[in-house]
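**Student:** This is the structure I have questions about; it appears just below.
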Amino acid sequence: MSDAKTAIDVNALLQAIPYARFLGITVDQRGNEITTVLHFSQRLIGNPVLPALHGGAIGAFLETTAVAQLAFEFAGAGNGKVVLPKPIGLTIDYLRSGKPVDTYGRAEITKQGRRVATVRAEAWQEDRSRPIAAAHGHFLLQVAEDAAAS
Amino acid sequence: MSDVDFSPEDLMTMKDVLIEHVPHAKAIGLKVEDVKLSEAWLSVAYSEQLIGNPETGVIHGGVITSLLDNACGIAVQLTLPGRMSIATLDLRIDYMKPATPKLDLMAHTHCYKVTKNIAFVRGTAYHTDEKDPIATCVGTFMLAANRAQPLPTTSKAATEAMKILAQKKGGDA
Numbered sequence: 002m003s004d005a006k007t008a009i010d011v012n013a014l015l016q017a018i019p020y021a022r023f024l025g026i027t028v029d030q031r032g033n034e035i036t037t038v039l040h041f042s043q044r045l046i047g048n049p050v051l052p053a054l055h056g057g058a059i060g061a062f063l064e065t066t067a068v069a070q071l072a073f074e075f076a077g078a079g080n081g082k083v084v085l086p087k088p089i090g091l092t093i094d095y096l097r098s099g100k101p102v103d104t105y106g107r108a109e110i111t112k113q114g115r116r117v118a119t120v121r122a123e124a125w126q127e128d129r130s131r132p133i134a135a136a137h138g139h140f141l142l143q144v145a146e147d148a149a150a151s
Numbered sequence: 068m069s070d071v072d073f074s075p076e077d078l079m080t081m082k083d084v085l086i087e088h089v090p091h092a093k094a095i096g097l098k099v100e101d102v103k104l105s106e107a108w109l110s111v112a113y114s115e116q117l118i119g120n121p122e123t124g125v126i127h128g129g130v131i132t133s134l135l136d137n138a139c140g141i142a143v144q145l146t147l148p149g150r151m152s153i154a155t156l157d158l159r160i161d162y163m164k165p166a167t168p169k170l171d172l173m174a175h176t177h178c179y180k181v182t183k184n185i186a187f188v189r190g191t192a193y194h195t196d197e198k199d200p201i202a203t204c205v206g207t208f209m210l211a212a213n214r215a216q217p218l219p220t221t222s223k224a225a226t227e228a229m230k231i232l233a234q235k236k237g238g239d240a
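Chains as they are written, first to last, in this note's numbering: chain C, 2 to 151; chain X, 68 to 240.
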């Protein structure tokens, strides 16, 4: 192993989370970037008339996207053991109604402190320049030794 | 603020609308426990598929997002004089503590202000004691968000809606 970040399988990490599986979220991992995918299914619909995705499902997807990005960037920091960060707060802006198609997500860490990280996440469908929702949130980072102590 | 009030039939309709006609709410097991003018109480039962941390069994924060978002939407509908289409503009959620594994979740939301275009809502998620919150939220909703009809209020209308959806998705509904 070099001193470079240990590559981890973020998709495998997400598939271990029952709720991420339930929603149908996978990760497309290319080089040093990841894109999350929310695969459309009937159970994600909030308004069957439009039809539109449920705001809660979009929020959950953005939160998961942020968690995936944090796990991806912090892998290797705690001896390769990935401890899922805990959400402290999340603000979601709903920009457009979510169509009944697949949704993609990207997140970036805007500030990384010792205990808290600030993350921005964005979700889009056909056109990345027309996001359906954006979120920013704070996450409590738990390094492996802290988690073991708690 | 508003002088509208609801008959018991109206309130039952609201419960019906949520449970029967919102696929995502049904999928995660949302239930309307109680409603009154501008306020709603919803629950979601603990279930394995909602787990966010497989090591602890704690429910995913996203479940709380769905619960609060939907409960806020219902509180807005319970404030408006007539039924209209609404859309979440923004929702801020603060997580106070992790949910306790195996326990059901409850949310209480209150729509405390409605203007011509916007409704303001806040809410709390908890297990049994609202004074011991798991999460709190504040959100805004756009009124008359689009020209589409509001959610159907009868099962017939819902069936029609699902048919339309099935056609659009190539008939797999």
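Idealized CB from N, CA, C, for every residue including glycine.
Measure from the C-beta of I160(X) to each C-beta in chain C and report whether the shortest distance is under 8 Å.
**Tutor:** Walking along the second sequence from the start, residue 160(X) turns up at place 93. Yes, I160(X) counts as interfacial toward chain C.
**Student:** Within the same chain, show all residues whose beta-carbon is closer than 7 Å to that of L14(C), passing over the 5 residues directly before and after it, in chain order.
**Tutor:** Counted from its first residue, the first sequence places residue 14(C) at position 13. Result list for L14(C): A72 and V83, in chain order.
**Student:** Quick one: does L71(C) have its CB under 8 Å from some CB of chain X?
**Tutor:** Counting from 1 along the first sequence, the entry for residue 71(C) is found at position 70. Cβ-Cβ to chain X under 8 Å: no for L71(C).
**Student:** Can you find a C-beta in chain D that's less than 8 Å from the C-beta of A94(X)?
**Tutor:** This model lacks chain D altogether; the protein chains it does include are C and X.
**Student:** On the DSSP bridge list, what partners appear for Y193(X)?
**Tutor:** As a working note, residue 193(X) is residue 126 in the second sequence. Partner(s): M173(X).
**Student:** Please name the residue, chosen from N184(X), I185(X) and L170(X), that lies closest to T195(X) on a Cα-to-Cα basis.
**Tutor:** Position 128 of the second sequence, counted from the first residue, corresponds to residue 195(X). Per the Cα distances, L170(X).
**Student:** Using CA atoms only, rank isn't needed, just tell me which of P52(C), A21(C) and E34(C) is closest to H88(X).
**Tutor:** Along the second sequence, one-based indexing puts residue 88(X) at 21. Here the closest residue by C-alpha is P52(C).
**Student:** What distance in whole Å lies between the Cβ atoms of E106(X) and H177(X), which are believed to be in contact at a cut-off of 8 Å?
**Tutor:** Within the second sequence, numbered from 1, the residue matching residue 177(X) stands at position 110. Within the second sequence, numbered from 1, the residue matching residue 106(X) stands at position 39. So it is a contact: roughly 5 Å between Cβ atoms.
**Student:** If we require 4 or more residues per run, which alpha helix (DSSP H) segments fall completely within the segment 12-95 of chain C?
**Tutor:** The segment 12-95 of chain C contains these whole alpha helix (DSSP H) runs: 19-24 and 56-75.
**Student:** Assess contact between the segment 62-72 of chain C and the segment 34-44 of chain C, defined as three or more Cβ pairs (one per stretch) separated by less than 8 Å. Is contact present?
**Tutor:** The answer is yes - the segment 34-44 of chain C touches the segment 62-72 of chain C, with three or more Cβ pairs under 8 Å.
**Student:** In terms of residue numbering, what span does the alpha helix (DSSP H) encompassing S98(C) cover?
**Tutor:** The sequence position of residue 98(C) within the first sequence is 97, counting from 1. Looking at the DSSP string, S98(C) is not in any alpha helix (DSSP H), and its letter there is neither H nor E.
**Student:** Under 9 Å between beta-carbons, which chain C residues line up against N120(X)? List them in chain order, please.
**Tutor:** Translated into positions along the second sequence, residue 120(X) becomes position 53. By Cβ distance, chain C contributes I18, L85 and K87.
**Student:** Can you list, in chain order, the residues of its chain whose CB lies under 7 Å from that of T123(X), leaving out five sequence neighbours each side?
**Tutor:** Counted from its first residue, the second sequence places residue 123(X) at position 56. The residues are P168.
**Student:** In chain order, what residues of the same chain have a beta carbon less than 8 Å from the beta carbon of I185(X), not counting five sequence neighbours either side?
**Tutor:** For this step, residue 185(X) is matched to residue 118 along the second sequence. Around I185(X): L156, T207, F208, M209 and L210.
**Student:** Need the endpoints of the alpha helix (DSSP H) that D154(X) sits in, please.
**Tutor:** Against the second sequence, residue 154(X) aligns to sequence position 87. As written in the sequence, residue 154(X) is Ala, which differs from the Asp given in the question. It is not in any alpha helix (DSSP H) - A154(X) instead sits in the beta strand (DSSP E) that spans I153 to Y162.
**Student:** Strictly under 8 Å for the Cβ-Cβ distance: is G35(X) near chain C by that measure?
**Tutor:** Summary: the structure shown does not reach residue 35(X), with chain X confined to residues 68 through 240, and so no result is reported for it.
**Student:** Alpha carbons only, please: which of K164(X), M151(X), P165(X) and T182(X) is nearest the one belonging to N48(C)?
**Tutor:** Taking the first residue of the first sequence as 1, we reach residue 48(C) at position 47. Selected option, being the one with the closest Cα: M151(X).
**Student:** Going by C-alpha to C-alpha distance, which of L45(C), Q70(C), G90(C) and A122(C) sits closest to G25(C)?
**Tutor:** For the purposes of this step, residue 25(C) is identified with residue 24 of the first sequence, where counting begins at 1. It is L45(C).
**Student:** Measuring straight from C-alpha to C-alpha, what distance separates P247(X) and P19(C)?
**Tutor:** Within the shown structure, residues of chain X are numbered from 68 to 240, placing residue 247(X) beyond reach of any answer.
**Student:** With a threshold of 16 other CB atoms inside 10 Å of the CB of L109(X), please say whether the residue is buried or exposed.
**Tutor:** In the second sequence, residue 109(X) corresponds to position 42, counting from 1. Flag for L109(X) reads buried.
**Student:** Chain X partners of R44(C), CB-CB under 7 Å?
**Tutor:** If you number the first sequence from 1, residue 44(C) lands on position 43. Within chain X, the residues near R44(C) are P90, H91 and A94.
**Student:** Within 8 Å (strictly less), CB to CB, does T65(C) reach chain X?
**Tutor:** Residue 65(C) sits at position 64 when you count from the first residue of the first sequence. T65(C) counts as touching chain X.
**Student:** Hey, could you find the ends of the beta strand (DSSP E) V143(X) is sitting in?
**Tutor:** By 1-based counting over the second sequence, the position of residue 143(X) is 76. Per DSSP, V143(X) belongs to no beta strand (DSSP E); it is in the alpha helix (DSSP H), G128 to Q144.
**Student:** So that I know if they touch, is there some Cβ in chain X lying closer than 8 Å to that of D94(C)?
**Tutor:** Residue numbering aside, residue 94(C) sits at position 93 when the first sequence is read from its first letter. It does: the Cβ of D94(C) has a partner Cβ on chain X nearer than 8 Å.
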